[in-house]
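Counting along the sequence shown from 1, when you hit position 256 you're at 256 in the UniProt record's numbering, and nothing is skipped either side.
Beta carbons: idealized from backbone N, C-alpha and C, even for Gly.
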Amino acid sequence: MDTTTPLLTLDRLSVSVPERERIGGGVGDLTLVEELSLQIRPGERVALVGESGSGKSMTARSILRLDPHLRLAGSIRWKDQELVGAPERRLRRVRGREISMIFQDPMTALNPVLTIGEQVAEPLTVRGMPKRKAHAKAVEMLDRLGVPKAKERMRAYPGQFSGGMRQRVVMAAALVAQPDLLIADEPTTALDVRVQEQVLDLLEEQSREMNLAVLFITHDLGIVAGLAHRVAVMLRGCLVEERTVDDLFTCPEHPYTRGLIGSVPRLDADPDVRLKTVADYMSTEGATTHA
């Protein structure tokens with residue numbers, strides 16, 4: 001995998017809110033992501049980890065240029081083309097077809113007044129595929145992702161599905177056009193533990209079967225061990241550590257990473273001993289933002 005030409009290369013990517021766009025005022029641009037460099041290869045699953053506000057979702061959204069008011073610096077290279085500064089027409093060809101994204105809350109990601117079938121088939125119909133063929137491919141993808149009686153449920157609405165089934169529908173819409181890269185932004189946060197496991201298993205399975213690259217965004221290091229090949233850790237908009245998943249859990253280098261791992265409650269821990277927080281690790285080891 002390391003010898004494969006990267007699909008996606010982020011080179012010193014910075015994302016900021018221009019001064020004129022800042023809510024509540026403020027002087028100067030507000031930096032959200034600072035000089036982040038990262039590569040993803042075909043079939044590779046990379047986890048982008050950090051606390052809320054660390055810049056994970058901003059990085060993901062910037063890859064697809066979903067927030068045009070933000071200012072980007074550096075490079076986002078997709079295959080052989082630069083996306084920073086690319087025209088909207090080029091970006092529309094990439095979104096959904098080559099790079100798809102799953103958002104955190106499947107209920108807000110789905111339109112409540114459109115049927116499941118319309119929404120799963122939409123990535124195909126908007127690109128000119130005949131409705132009957134798009135409908136058949138949508139049924140096939142829903143069935144592949146374990147939605148029971150997929151053909152019948154194409155006529156259902158999102159409100160008639162459970163949270164876990166809605167997330168499968170969102171995944172089906174993201175995968176039906178067979179993209180090369182799937183960005184999954186905290187896709188298990190709103191789900192219970194059992195359904196979380198099912199969604200993670202589906203992501204891993206589809207990645208293997210479709211040679212699909214995955215950028216998996218989460219604040220929970222505990223759920224990436226069985227999914228990711230590599231883990232990139234973000235703190236305050238900066239990348240502080242990037243390792244293979246085995247190396248990261250065996251010997252984390254940055255105190256922030258050690259804090260993320262060490263602050264997870266354990267079943268065998270002494271209940272009378274206070275659990276250390278990430279801040280405890282940072283203050284004890286005198287960490288700085290940069291590695």
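- Inter-segment contact for the segment 39 to 46 and the segment 5 to 22 is present: three or more beta-carbon pairs are separated by less than 8 Å.
- The Cβ neighbour count for C238, taken over all protein chains shown within 10 Å, is at least 16; the residue is labelled buried.
- Residue burial annotation: A150 is buried, with at least 16 other C-beta atoms found within 10 angstroms of its C-beta.
- Shown here, E186 sits in coil according to DSSP, grouped into three states, outside any helix or strand.
- By the neighbour-count definition (other C-beta atoms within 10 Å, threshold 16), P187 is a buried residue.
- Restricting attention to V170, I116 and L221, the CA atom closest to the CA of D246 is found in L221.
- Residue state for L83 is assigned as coil, using DSSP reduced to three classes.
- Straight-line spacing of the CA atoms in M282 and E205 works out to 36 Å.
- The DSSP-derived three-state label of Q104 is coil.
- The DSSP-derived three-state label of G74 is strand.
- In the DSSP annotation of this structure, the continuous segment of the alpha helix (DSSP H) that includes M165 starts and ends at G163 to L175.
- Nearest to D67 by C-alpha distance, out of Q81, L48, E21 and V27, is E21.
- Taking V169 as the centre and dropping the five residues before and after it, the same chain places the C-beta of I116 closer than 6 Å to its C-beta, in chain order.
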